[in-house]
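As structure tokens, the structure follows; a few thoughts come after it.
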Amino acid sequence: MKYPFIIAILALLVIWGWDWIKGPKNKFNLLGVAFIIGISIFSLAFWQSRQASTSLRVVGYSSKLFESDLVKWNISVQKMVSLNQLNQGYKDMSADIKAFREFLAKEGIPEDKISVQPVTSYQRYDNNANMTGYSLSQSVFILSEDLDKIEDLALNPDFFADRGMVLNDSRLEYLYTKLPELKQELLAAATEDAMARATEISGSAKTSLGKMREARAGVFQITEPYSTDVSDYGIYNTGTRQKSISVTLTAYFKLL
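Our numbering puts the first residue of the sequence shown at 7, with every later residue one more than the last.
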């Protein structure tokens, strides 16, 4: 409805220019026309203000429980060596990682699912700031669709214990590869919920519900099941295999 206002303003500018060109003799006629246009603008603004109050705002909601279909196993192993054992420490670390990859292959984990990062080393000092040796660490990441297998391996650290390897970090991240499709499903369900709520409200108020004028989706909250955690920026919890996803949708409907 912004175009009538623009047309009216342009009309007033034309009238003012015409009045300036023609002189005072057309002044009163032009003022009358300007008065009519001004009344029209005021009436249009009043009508728009009344129209704004004939809309209904509702918030739809949808949620669903689902299970992750991909797991990422993050491992960081550490080895301490003395000052004169750094070279041997690198060799031992390389042998340990090679043995671990062979162990994973025997357990049915494909080579292309394993990612090994370079070795990093840090100097170690005692309480008197004297250098005592080095700390070597190396990270390995495993991605797999076989969640049961990876969970069994992660919960059984015998391989690392048998080789004297120190697990500096070992954690599982549970992911879902079909998240875009799931989000679309949730948005559709939230829209249906918003329409149902609007229909119920308008029916109780004895008014007719028009078309949806606008819809704004909120952020997705992916949490552990039955969690009450929410965030303005959304949540993506990777700590649990079972997850819950929820979203809200704010919809505006015209009332007839």
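We put the CB at the ideal spot given by N, CA and C, even for glycine.
Nearest to residue i by alpha carbon, out of the options?
i, options, result
"N136", "L153, L89, F109, S100", "L89"
"S127", "S233, L161, Y140", "Y140"
"Y180", "R63, V64, D98, W79", "W79"
"A223", "L255, D98, D154", "L255"
"T244", "E230, D238, A257", "E230"
"S74", "A194, R130, L178, S233", "L178"
"S121", "Q129, F106, F147, D132", "F147"
"R63", "K119, S233, A194, A200", "A200"
"L192", "L215, T138, V253", "V253"
"L149", "D118, T138, G170, A204", "D118"
"E113", "L173, P186, N162, L188", "N162"
Check the C-beta distance from residue i over to residue j and give it rounded, since I have them as a contact under 8 Å.
i, j, result
"S69", "I228", "That belief does not hold up - the Cβ atoms of S69 and I228 are roughly 10 Å apart, past 8 Å."
"Q84", "L142", "7 Å"
"G66", "A194", "Not quite, the Cβ-Cβ distance comes to about 10 Å (not below 8 Å), so this is no contact."
"T197", "A221", "7 Å"
"K260", "R203", "Actually they are not in contact, since the Cβ atoms of K260 and R203 sit about 15 Å apart, beyond 8 Å."
"G216", "L262", "5 Å"
Can you tell me which residues form a DSSP beta bridge with residue i?
i, result
"M218", "F259"
"V172", "Q84"
"A223", "L255"
"Q129", "Y140"
"L153", "None; L153 has no bridge partner."
Let's see if you can read the secondary structure: which residues bound the alpha helix (DSSP H) around residue i?
i, result
"T197", "185 to 210"
"D168", "164 to 168"
Just verifying my parser: in three-state terms, what is the DSSP assignment at residue i?
i, result
"D158", "helix"
"K8", "Reliability of the predicted coordinates at K8 is poor, the pLDDT of 47 falling under 50, and no value is obtained from them."
"R247", "coil"
"S121", "strand"
"Y239", "coil"
"Y182", "coil"
Which residue comes first and which comes last in the beta strand (DSSP E) that contains residue i?
i, result
"W73", "In the sequence as displayed, the identity of residue 73 is Glu instead of Trp. Counting along the chain, the beta strand (DSSP E) containing E73 begins and ends at 61 to 73."
"R107", "Per DSSP, R107 belongs to no beta strand (DSSP E); it is in the alpha helix (DSSP H), 92 to 112."
"Q227", "227 to 229"
"K78", "76 to 88"
"I115", "Per DSSP, I115 belongs to no beta strand (DSSP E) and is neither H nor E."
"G139", "137 to 150"
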